[in-house]
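*Asks:* Sharing a structure below in structure tokens format, with a few things to ask.
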Amino acid sequence: MSTTTVSAYSVCTSITREQARNFYYGIRLLPPVKRDALCALYALARRIDDIGDGELAQAEKVAGLAALRAEIEHLHASSDPVLCAVADAARRYPVPVEAFLELVDGVEMDVVGHHYADLDDLVGYCRRVAGTVGRLCLGVFGSRPDPDAESYADNLGIALQLTNILRDVREDLLNGRVYVPQSDLDAFGVQLELDERGTLVDVDGGLTRLVHHSAARARDWYADGLRLVPLLDRRSAACCAAMAGIYRRLLERIDEQPSAVFGARLSLTGREKAVVAARALTGLGA
13 MSTTTVSAYS VCTSITREQA RNFYYGIRLL PPVKRDALCA LYALARRIDD
63 IGDGELAQAE KVAGLAALRA EIEHLHASSD PVLCAVADAA RRYPVPVEAF
113 LELVDGVEMD VVGHHYADLD DLVGYCRRVA GTVGRLCLGV FGSRPDPDAE
163 SYADNLGIAL QLTNILRDVR EDLLNGRVYV PQSDLDAFGV QLELDERGTL
213 VDVDGGLTRL VHHSAARARD WYADGLRLVP LLDRRSAACC AAMAGIYRRL
263 LERIDEQPSA VFGARLSLTG REKAVVAARA LTGLGA
């Protein structure tokens, strides 16, 4: 590996360690070569997300995403350290680089604003912004032959994104975004709004019931997605189980007390995440 490539991976590792507050607990369970590759994939995915979540005007975000799309399409010609690391990872592993273009499409939906009429509409979005990440990870993990392995990875990513949506429902509303399908809001008689304290209003418990319903649905996606784990080698399985386990633990916490996300952003402690990662490494699962 050239000095330039080593330096590029170092940049990606620093980004991942500093910003992947949940994923790094799983990533660090991988052997060094796979860890480097997954850090590279994360760093590029993070760059795409950061354009969508940044402070630029909408037109500038759209232009920024278009420029990054062009760079991804000419990945091997780039001198950018993150893109160089991704290009090297793609040479070493069967990484579906085109999944990054789907991720750009999903982030662009955030930028221009998208209304989610029903679950199918939301799942389409989740496949772009999270299922893609599952498929990218699978490219590095590798798996025993199974025609459904890619589908499991995709569905596990969707499960994690559905958990994110429940955790961030208040924060997203503050930013003018609503990811809860309109069909669900209508079914539970919910209109997402904040009171004078900035807390989500739960009229007659409708929002609480909606959270329980959404959590149960997310569990079904986890159940299918986690069928990937037995197909992976021990270290990759531990990484996957750790990342999924942290989000599943968060989902259970939200389901136990929906009001915990009505006024703040819920997260697990570092110790709780470390325990989940340790259990995954010893094979106790997610």
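Residue numbers for the sequence shown follow my numbering, so the first one is 13 and each next one is one higher. Every residue gets a Cβ at the ideal spot worked out from N, C-alpha and C, and that includes glycine. From a predicted model like this one, the values you see are computed outputs, not experimental measurements.
1. For the alpha helix (DSSP H) holding N176, just list the boundary residues, first then last.
2. What does L212 pair with, by DSSP beta-bridge criteria?
3. Within the continuous alpha helix (DSSP H) that includes V18, where are the two ends?
4. My output table needs one value for T294: the three-state DSSP class, helix, strand or coil.
5. When we look at the beta-carbon of Q173 and count the other beta-carbons within 10 Å, is it buried (16 or more) or exposed?
6. Looking at the secondary structure, which residues open and close the alpha helix (DSSP H) in which Q194 lies?
7. I need the straight-line Cα distance from S22 to D62, nearest angstrom please.
8. Tell whether a beta-carbon distance below 8 angstroms holds between R81 and L113.
9. Judging by CA-CA distance, which residue of R247, A52, D117 and D198 is the nearest neighbour of S155?
10. Rounding to the nearest angstrom, what Cα-Cα distance links T44 and R33 in this structure?
*Replies:* Looking at the atomic coordinates:
1. Unbroken alpha helix (DSSP H) run through N176: A161 to R179.
2. L206
3. T15 to Q31
4. For T294, the secondary structure class from DSSP, reduced to helix, strand or coil, is coil.
5. buried
6. Q194 to A199
7. 20 angstroms
8. A contact, by the Cβ cut-off of 8 angstroms.
9. When only C-alpha atoms are compared, the closest one is R247.
10. Reading the sequence as shown, one finds Pro at residue 44 and not Thr. Distance between the alpha carbons of P44 and R33 is about 19 angstroms.
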